[in-house]
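Residue numbers (the working numbering): 304 to 438.
Every residue, glycine too, gets a C-beta built ideally from N, C-alpha and C.
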């Protein structure tokens with residue numbers, strides 16, 4: 304599937320392995336996106352057009368966040384140890400039957416919002432334990 308940033312300068316071609324959406328409530332994602340990050344967390348980045356316009360910000364030892372340097376559109380979250388991309392759901396143009404299936408860093412979620420969907424929930428400690436065990 305192909306998708307473009309808001310100004311159209313950067314086009315991504317991505318391949319998704321499922322349609323499950325995750326909500327991340329960590330303080331970094333909320334600061335980056337202005338709210339929880341809603342993303343497909345199992346995708347492969349096949350190609351990027353105008354890659355010189357993509358800024359990769361190393362937000363932690365283990366992750367980079369990519370955005371269009373022209374319009375600021377969030378393009379991806381890249382988990383370096385797993386060599387794994389997460390794509391913001393709003394970036395994807397197709398209208399697949401996406402489903403909010405899980406929430407992470409639920410212990411950092413502010414009280415002023417909540418989702419009505421029943422989801423799997425993980426605290427920050429559970430997320431780190433999951434990735435350290437390579438599950």
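Which same chain residues, not among the five before or five after residue i, have their C-beta less than 7 Å away from its C-beta?
i           : result
residue 350 : 316
residue 308 : 371, 374, 376 and 378
residue 431 : none
residue 310 : 371, 373 and 374
Tell me, which residues are paired with residue i by DSSP?
i           : result
residue 305 : 316
residue 425 : 407
residue 392 : None, per the DSSP bridge assignment.
residue 381 : 367 and 388
residue 402 : 323
If we ignore side chains and look at the alpha-carbon of each, how far apart do residue i and residue j end up?
i           : j           : result
residue 333 : residue 426 : 15 Å
residue 400 : residue 346 : 16 Å
residue 359 : residue 368 : 6 Å
residue 344 : residue 322 : 9 Å
residue 388 : residue 434 : 14 Å
residue 390 : residue 411 : 21 Å
residue 382 : residue 364 : 10 Å
residue 348 : residue 336 : 21 Å
Judging by CA-CA distance, which residue of the options is the nearest neighbour of residue i?
i           : options               : result
residue 362 : 344, 355, 329 and 341 : 329
residue 429 : 409, 355, 331 and 366 : 409
residue 266 : 386, 436, 313 and 342 : For the chain, the structure presents residues 304 to 438; residue 266 sits outside this window and is missing.
residue 366 : 380, 356 and 306      : 380
residue 470 : 348, 311, 356 and 338 : The chain is shown only over 304 to 438; residue 470 falls outside these bounds and no answer can be derived.
Which residues in the same chain as residue i place their Cβ atom closer than 6 Å to its Cβ, once the five residues preceding and following it in sequence are excluded?
i           : result
residue 420 : 403
residue 406 : 326, 422 and 424
residue 393 : none
residue 331 : 362
residue 306 : 315, 394, 395 and 396
Leaving out the 5 sequence neighbours to the left and right, which residues in its chain are closer than 8 Å to residue i when beta-carbon positions are compared?
i           : result
residue 304 : 316, 317, 318, 319, 395, 396 and 397
residue 357 : 313, 351, 369, 370, 371, 372 and 378
residue 384 : 365 and 434
Establish whether the CB of residue i and some CB of chain C are separated by less than 8 Å.
i           : result
residue 376 : As a matter of chain content, chain C is missing from the structure shown, which is built from one protein chain.
- Query: Which full runs of the beta strand (DSSP E) of 3+ residues lie inside the region 308-376, going along the chain?
  - Reply: If we require 3 residues or more, the beta strand (DSSP E) runs fully inside the region 308-376 come out as 314-319, 323-327, 340-351, 357-361 and 366-371.
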